[in-house]
Amino acid sequence: MVPLIFATICCAYLGIAFLVNYYKDEKKEYVLVVGQVVRSDRNRSYHKGYHGIGYIPVIEYSYQNKIYQVHHRVSSSKYGKNMEIVPNSKYHIGDKVELRVYVDKPEYALINDRHNILLPLYIGIPLTLLSVILLCVAIIMMN
133 MVPLIFATIC
143 CAYLGIAFLV
153 NYYKDEKKEY
163 VLVVGQVVRS
173 DRNRSYHKGY
183 HGIGYIPVIE
193 YSYQNKIYQV
203 HHRVSSSKYG
213 KNMEIVPNSK
223 YHIGDKVELR
233 VYVDKPEYAL
243 INDRHNILLP
253 LYIGIPLTLL
263 SVILLCVAII
273 MMN
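Residue numbers (my numbering): 133 to 275.
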């Protein structure tokens, strides 16, 4: 029962955090600027005994005569020749991308496309719904 309650609390916390993040970003004032992908940084992760390698596009942009660089939210990779891991992003070095640069925090910018902007909703809503389902299961198990 304790693991179920713990999972419920974790899902609720993370789901609500993603939703709050989305709504806070939507209320902030931003300007649209054009940036350019300047490189892909290698990203290593470790989860449940598996090592993962991904590539995160880095976008450079100028706002109020200052140059910034920001990592895209999503990393990706694929296997190339000889099973070598290579970048697999829709954004390639040299590509121009439109960014939302937040006026109060210009070092924080997001690629201005529908999927990227809605990403916190895509994660937050299912996690919140899962926490409600887990709560219902926990209540049923206690009776």
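Here a beta-carbon is modelled for each residue, glycine too, at the ideal position from N, C-alpha and C.
Please read all numbers here as calculations on a predicted model, not as lab measurements.
Cβ pair residue i, residue j closer than 9 angstroms
| i | j | result |
| --- | --- | --- |
| L136 | A270 | yes |
| N175 | P252 | no |
| V235 | Y193 | no |
| I243 | V229 | yes |
Reference residue i, options the options, closest by Cα
| i | options | result |
| --- | --- | --- |
| I199 | P189, C268, L250 and V170 | V170 |
| Q337 | H247, I148 and P238 | This structure cannot speak to residue 337, because the chain is shown only from 133 to 275. |
| T140 | I272, L267 and M274 | L267 |
| D227 | V166, K159, V134 and I148 | V166 |
| Y114 | D157, V134, M273 and H247 | The structure shown does not extend to residue 114, since the chain spans only 133 to 275, so no value can be given for it. |
Extent of the continuous beta strand (DSSP E) run through residue i
| i | result |
| --- | --- |
| Y254 | That residue, Y254, is in no beta strand (DSSP E); its alpha helix (DSSP H) goes R246 to M274. |
| E230 | K228 to Y234 |
| H203 | K198 to H203 |
| I225 | Note, I225: premise wrong, no beta strand (DSSP E); not H, not E. |
Sequence-distant residues of the same chain with beta carbon closer than 6 angstroms to residue i, five excluded per side
| i | result |
| --- | --- |
| I255 | F150 |
| I257 | none |
Cut-off 7 angstroms between Cβ atoms - residues of its own chain near residue i, not counting five sequence neighbours on either side
| i | result |
| --- | --- |
| I188 | S172, D173, N175, H203, H204 and S207 |
Segment limits, alpha helix (DSSP H) that includes residue i
| i | result |
| --- | --- |
| K156 | V134 to K159 |
Contacting residues, own chain, Cβ-Cβ under 8 angstroms from residue i (five flanking each side not counted)
| i | result |
| --- | --- |
| V190 | V169, V170, R171, S172, D173, Q201, V202, H203 and H204 |
* To do: Please confirm if the segment 137 to 144 is in contact with the segment 254 to 269, defined as three or more CB-CB distances below 8 angstroms between the two stretches.
  => yes
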